[in-house]
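Read top to bottom, the protein sequences are chains A, B and C. If you read the first sequence in the working numbering, its first letter stands for residue -8, the second for the next number, and so on. If you read the second sequence in the working numbering, its first letter stands for residue -6, the second for the next number, and so on. If you read the third sequence in the working numbering, its first letter stands for residue 341, the second for the next number, and so on. For reference, the structure discussed in these notes is given below.
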Amino acid sequence: MALPFTAYMKEIFRVQWLGTFLFAKTAPLVTPSYSRGFPELTGKTCTHALFCMMACPAPGAIHVIRTPDGWEPRINSGHCIRCGLCVEACPNGVLASGRILESMFYDSTRLSFSFRIDVDTSLCMGCGNCAVACPVNKLIDTQMAYGGRASTDELLLRVNEGKCTVLHAEKCTGCKTCEDHCPNGAIRVARLLEAVHIPEEEV
Amino acid sequence: MTLLQAVKNFVRSKSIHVCYVDVGSCNGCDIEVLACLSPRYDIEQYGIYVHNNPREADILLVIGAFTPGWEDKLRMIWEKIPDPKAAIAIGNCPISGCLFDRPHTLIDPPAAKHIPIAAQVPGCPPRPTEIISAVLSVAPLVFRDYEVAKR
Amino acid sequence: MKRTVDVSIPLGPVHPCFKEPARIKCETRGEYVIAAEVELGYMKKGIERIMRGRPWQEVMFLAERVCGICSVIHNMVYIEALEAMTSIPVPERAALLRVIVNELDRMQSHILANFSYCYTIEHETLAMYLLDIRERVMDELERITGARVTCAYIVPGGVRFDLRGEDDLHLRAALAIIEEEMTRYLQMFATGPLIALRSRGIGILTKDAAREAGAVGPTARASGMPETDRRLRHPTYQKIGFSPVSRDEGDNYARIMVRFEEVLASIGIIRTCLDLLQPGPIRGGGIPGAGEIAYSGEAPRGELSYFIRTDEAGRVLDISIQTPSIMNIEACCHAMLVGVASLADVSSTFVSADPCIACTER
C-alpha cells in the first residue's frame, strides 16, 4: 500500500525538520572548569623569581617581561603545551590554570628548586666569561674585570689557576647565563626540580 | 560579483569539506580531530564533512611538525585542492615545532614555510571544541568574497 | 622459485582507514594478496636524538609525546625506570592512582582501536557508539589529570594531583555506565552476522608465527599467549591481582574481542584500586640521580621498554625506546597479510593489529 504523494511532502516539509536542516542546533561548545587551559594572570604581583621559565619544558613558551607596572609573565600560545608546571612552580601564585592552584592547596604539595653546576675541567680553558657574565657575581663584586679574577672569596664562581672553580654553589639562581657565554660548553647548570608534600604542621 | 557566485559562496560556507593530513605528529592532535566526529561534538551538524581526498576538500587541516618525508609532498597535496581553499594548522607542532624544535631534531617547522596557513589552533593538543570553532570561524571568511579569476 | 605477481598495489601513505601515514605494498595475483610489505618513514622526528643530553624533566614531556594515544604509559614507564634506578619510594596512594590513570588510558586506546576497526569494515553505527563511549573515558581522564591527551600526571615519587572525593564518586558512576554500554557493544560485535563475515578467519596469526615474529600485546594474546602481559610483573598489579585475557583463534575477530574484554577487565582493576585507596600522601619527592637501567611495562599495544643512562645531575646521556608497534607491524606483514583472500581485507587486517606509526618511528 503506497502512501499518497502528499504524505511524503508532508514528511519532508515538516516545520521541525526544516528548522534543524536550515538552522543546525548546536551543542554548546564549553570547556569544563577542571581542564588545564593556557595559564592566566591572577592579578598577584610578579616578583621576577623566574621559576616559571625554569620549570617550563617547552622552548619559548613563557617569558617574564618588564611592563610599566612591573614584571609580568607572557604566555606564547603557539608554544605552550598546557602542562601547568609554571603554575605549580610560581611561589606567588601569579598564574592560574584549571584546578591546579586549588589542587595544590588541597593536596598540600609544592615544588622546590635546587641547582647544580658542573665544570668539565678538560674543556675549560679559564677564559672567565662565565664568572664575568654571572649576575650573582655582579651583585657581590661590581669591580670584577675580564679574566674572572677577583679578590673576594664570596663569589659564586671564579677562575683559579687557569680553571673555573665553583666557590658557593648554593648562591646559584639557575639562570644558565654562564652556560650561554661559555665558548666550549664546559660549564653546565642542572635545575633539579623536586615536588614534595608539605607536612601538615607547616601548612 | 554575479548572483550565481554569491549563492555559490553562501552555500560553500555552509557546507565545508575538510581533509586532514598528518605530517609527523605524535597522534595526539590526530585523535582529537577524530574525536570531533564523535556524537558528542558531532562535527557534521555544523556542515563540516571530513574527507580524505584533497580533491574534494575546501579546507586542509595540517597536523604535526614537518618531517623530511613530507618534503614537497605537502605542497603537492595543497595544489590538488580546488579553489577556494584554506589551510589550518592544528596544534603546536605546525605552528612552532612544539617540544621537538630542539637541537639535533629532524623536523622543519613551521608548516607556514611550505604552504600558506590561514589559521592556527594552538594547544598540545587542542580540544575538539577549539578545532570546531576554528574551522567554523575561518570558513565564512574564506568563501565570502571569492570570485573566479578572469583569464 | 619465481613468483608470479600481477600487480603490486600500494595502499597509502594517505589512506582513509589509516589515520597515520604508512604505505603497504601488496603483491597481488588477481584479487589474492600473496605478500605485503609495510613501508614507514613519514613520521620520523628523531625524538631520541632530541632527548640525549637534556635534563630528565624535559625528557619526561618528550617521552609523553612519543605517542599521543598511549601517552600515560610512556610517562609511567619512563618515570618508573628513573625511580627504580635511584630507588625513590612511591607512596601507596600514588601507586594506585597511577594504575587507575593507566587503565583509563588503556581503555580509551582500546576503544579507539576498535572504533578504527569497525570504521574500516564499514560498520559505522558501532564505530560511532564506541567513539561516544570513549568520550566518557576521556572525561574521567580529564577530571583526574586536567588534560585529555597529554596528561603529564606521573612525576618521580608520586603523582601530580590527588583524586578527590567527588571525583571518586563521578568515576564510579561513569564506570557503571561504561561497563553496561561496553557489554552491549561486545554483544553487538560478537553476534553481528556481517561483522563475522568480515572478521572471522581472516588475517590468522598462529601461535608459532606470533612467537616467531615477537608479537606483543593484544595481538599476541589473541593468538593464545597470555604470558606476554607485562602487567603480571608489575608490583602494584601483582598486589591487585588480575588475570590476562586471551583467546586462541588468532584472527581479526579474536584481536578485537580481546580488546573488548580487556576494557571490561580494566574496569574491574579500576574498581579494585578505588576500593583499596587509603588517604595519604601522593608526592614523596626525590630527584633522579646517576645510573643505568632497562625497564619495561605494558602499553595498550604491548610491551614497551626504555633503556636509560643518566649522569649525577639527572641529565639523560643515552636513551633508547622500544615500542610495541614495530613487532606487531612485523607480525602483520609477515604472517597476517600472506595469502589474504581479498585486497579489501588488507586494510582491516592492518588496522586490527592496531599499528601506531608515531610510536614506531618516533
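By construction, the Cβ of each residue, glycine as well, lies at the ideal position given by its N, Cα and C atoms.
Inset, instruction - Return the chain-ordered ranges of every alpha helix (DSSP H) run that is complete within the segment 38 to 90 of chain B and spans a minimum of 4 residues. - result: 66 to 73, 85 to 89
Legend entry - At least 3 beta-carbon pairs within less than 8 Å: the segment 447 to 455 of chain C vs the segment 656 to 672 of chain C: no
Inset, instruction - Have a look at B/S6 and B/C29 and give me their C-alpha separation to the nearest angstrom. - result: The residue given as residue 6 of chain B occupies position 13 in the second sequence. The residue given as residue 29 of chain B occupies position 36 in the second sequence. Put simply, the backbone Cα of B/S6 is about 19 Å away from that of B/C29.
Inset, instruction - Show which residues of chain A have a CB atom less than 7 Å away from the CB atom of B/T98. - result: What you label residue 98 of chain B is simply residue 105 of the second sequence in a count that begins at 1. Within 7 Å Cβ-Cβ: nothing; B/T98 doesn't reach chain A, min ~11 Å.
Legend entry - Residue-chain proximity (B/R68, chain C), Cβ-Cβ < 7 Å: Along the second sequence, read from residue 1 onward, the residue named residue 68 of chain B stands at position 75. False, the Cβ-Cβ gap to chain C never drops below 7 Å.
Legend entry - Whole-angstrom distance between B/T122 and B/Y34, CA atom to CA atom: Counting from one through the second sequence, the residue named residue 34 of chain B turns up at place 41. Counting from one through the second sequence, the residue named residue 122 of chain B turns up at place 129. Straight across, the Cα-Cα distance linking B/Y34 with B/T122 is about 7 Å.
Inset, instruction - Taking A/V55 as the reference, give the member of A/E170, A/L102, A/C166 with the closest Cα. - result: As a working note, residue 55 of chain A is residue 64 in the first sequence. If we check each option's Cα against that of A/V55, A/C166 comes out closest.
Inset, instruction - Flag this pair as touching only if the segment 406 to 421 of chain C and the segment 56 to 63 of chain A have three or more C-beta atom pairs under 8 Å; answer yes or no. - result: Taking 8 Å as the limit for Cβ pairs, the verdict is that the segment 56 to 63 of chain A does not touch the segment 406 to 421 of chain C.
Inset, instruction - Note down the Cα distance separating C/A639 from C/A684, rounded to an integer number of angstroms. - result: Locating residue 639 of chain C in the third sequence gives position 299, counting from the first residue. Locating residue 684 of chain C in the third sequence gives position 344, counting from the first residue. Going by the C-alpha atoms only, they are around 29 Å apart.
Legend entry - Whole-angstrom distance between B/I74 and A/A46, CA atom to CA atom: Looking up residue 46 of chain A in the first sequence gives position 55. Looking up residue 74 of chain B in the second sequence gives position 81. The straight-line gap separating the alpha-carbon atoms of A/A46 and B/I74 is approximately 43 Å.
Inset, instruction - Helix, strand or coil for A/L(-6), going by three-state DSSP, please let me know. - result: Position 3 of the first sequence, counting from 1, holds the residue named residue -6 of chain A. Looking at A/L(-6) - three-state DSSP - the assignment turns out to be coil, as it is neither helix nor strand.
Inset, instruction - Could you confirm whether any beta carbon from chain A is found closer than 7 Å to the beta carbon of C/E398? - result: In the third sequence, the residue the question calls residue 398 of chain C occupies position 58. So yes, C/E398 belongs to the interface.
Inset, instruction - Kindly indicate the opening and closing residues of the alpha helix (DSSP H) around C/K365. - result: For the purposes of this step, residue 365 of chain C is taken as the residue at position 25 of the third sequence. Premise fails: C/K365 lies in the beta strand (DSSP E), 363 to 369, not in any alpha helix (DSSP H).
Inset, instruction - Please work out which residues of its chain come closer than 6 Å, Cβ to Cβ, to C/A693, disregarding the five sequence neighbours upstream and downstream, and give them in chain order. - result: Here residue 693 of chain C refers to the residue found at position 353 of the third sequence. Contacts found: T559, N668, C672.
Legend entry - 8 Å contact criterion, which B/C12 and B/A58 should meet: CB distance rounded: Within the second sequence, numbered from 1, the residue matching residue 12 of chain B stands at position 19. Within the second sequence, numbered from 1, the residue matching residue 58 of chain B stands at position 65. In fact, because the Cβ distance is near 19 Å, the residues do not count as touching under 8 Å.
Legend entry - B/S31: contacting residues in chain C (beta-carbon distance under 8 Å): Within the second sequence, numbered from 1, the residue matching residue 31 of chain B stands at position 38. Per Cβ cutoff of 8 Å: M468, L471, D472, R474, E475.
Inset, instruction - Could you list which residues in chain A have their beta carbon closer than 9 Å to that of B/I88, in chain order? - result: As a first step, residue 88 of chain B must be located in the second sequence, where it is residue number 95. Within chain A, the residues near B/I88 are S68, G69, H70.
Legend entry - Chain-ordered neighbours of B/R120 on chain C, where CB pairs are closer than 7 Å: Along the second sequence, one-based indexing puts residue 120 of chain B at 127. Neighbours of B/R120 on chain C, chain order: R488.
Inset, instruction - State the DSSP-derived secondary structure class of C/I659, mapped to helix, strand or coil. - result: The count along the third sequence starts at 1 and reaches residue 659 of chain C at position 319. Correct three-state label for C/I659: strand.
Inset, instruction - Report, in whole angstroms, the separation of the C-beta atoms of C/A487 and A/R27, which I expect to be a contact under 8 Å. - result: Taking the first residue of the third sequence as position 1, residue 487 of chain C is located at position 147. Taking the first residue of the first sequence as position 1, residue 27 of chain A is located at position 36. Indeed they touch by this definition, with Cβ atoms about 5 Å apart.
Legend entry - Distance between beta carbons of A/S105 and A/L183, contact taken as under 8 Å: As a position in the first sequence, residue 183 of chain A is number 192, starting the count at 1. As a position in the first sequence, residue 105 of chain A is number 114, starting the count at 1. Contact holds; Cβ gap of about 5 Å.
Inset, instruction - With hydrogens ignored, establish whether the beta-carbon of C/I413 is closer than 6 Å to any heavy atom of the ligand FMN. - result: Absence of the ligand FMN from the depicted structure is noted, as is the absence of any ligand whatsoever, leaving it without description.
Inset, instruction - Just grab the DSSP bridge partners of A/L86 for me. - result: As a working note, residue 86 of chain A is residue 95 in the first sequence. Looking at the DSSP assignment, A/L86 forms a beta bridge with A/L32.
Inset, instruction - Measure the beta-carbon distance from A/G51 to A/H70 and round it to whole angstroms, keeping in mind my assumption that it falls under 8 Å. - result: On the first sequence, residue 51 of chain A is found 60 positions in, with the first residue counted as 1. On the first sequence, residue 70 of chain A is found 79 positions in, with the first residue counted as 1. Contact holds; Cβ gap of about 5 Å.
Inset, instruction - Answer yes or no: does any C-beta atom of chain C fall closer than 7 Å to that of A/E185? - result: For the purposes of this step, residue 185 of chain A is taken as the residue at position 194 of the first sequence. A/E185 counts as touching chain C.
Inset, instruction - Return no unless some Cβ of chain A is closer than 7 Å to the Cβ of B/L54. - result: On the second sequence, residue 54 of chain B is found 61 positions in, with the first residue counted as 1. So no, B/L54 is outside the interface.
Inset, instruction - Following the continuous alpha helix (DSSP H) through B/P133, name the residue where it begins and the one where it ends. - result: The count along the second sequence starts at 1 and reaches residue 133 of chain B at position 140. Per DSSP, the continuous alpha helix (DSSP H) segment holding B/P133 begins and ends at 121 to 137.
Legend entry - chain A residues whose Cβ lies nearer than 9 Å to that of C/A630: Translated into positions along the third sequence, residue 630 of chain C becomes position 290. Ordered by position in chain A, no residue passes the 9 Å Cβ test against C/A630, which lies about 12 Å from the chain.
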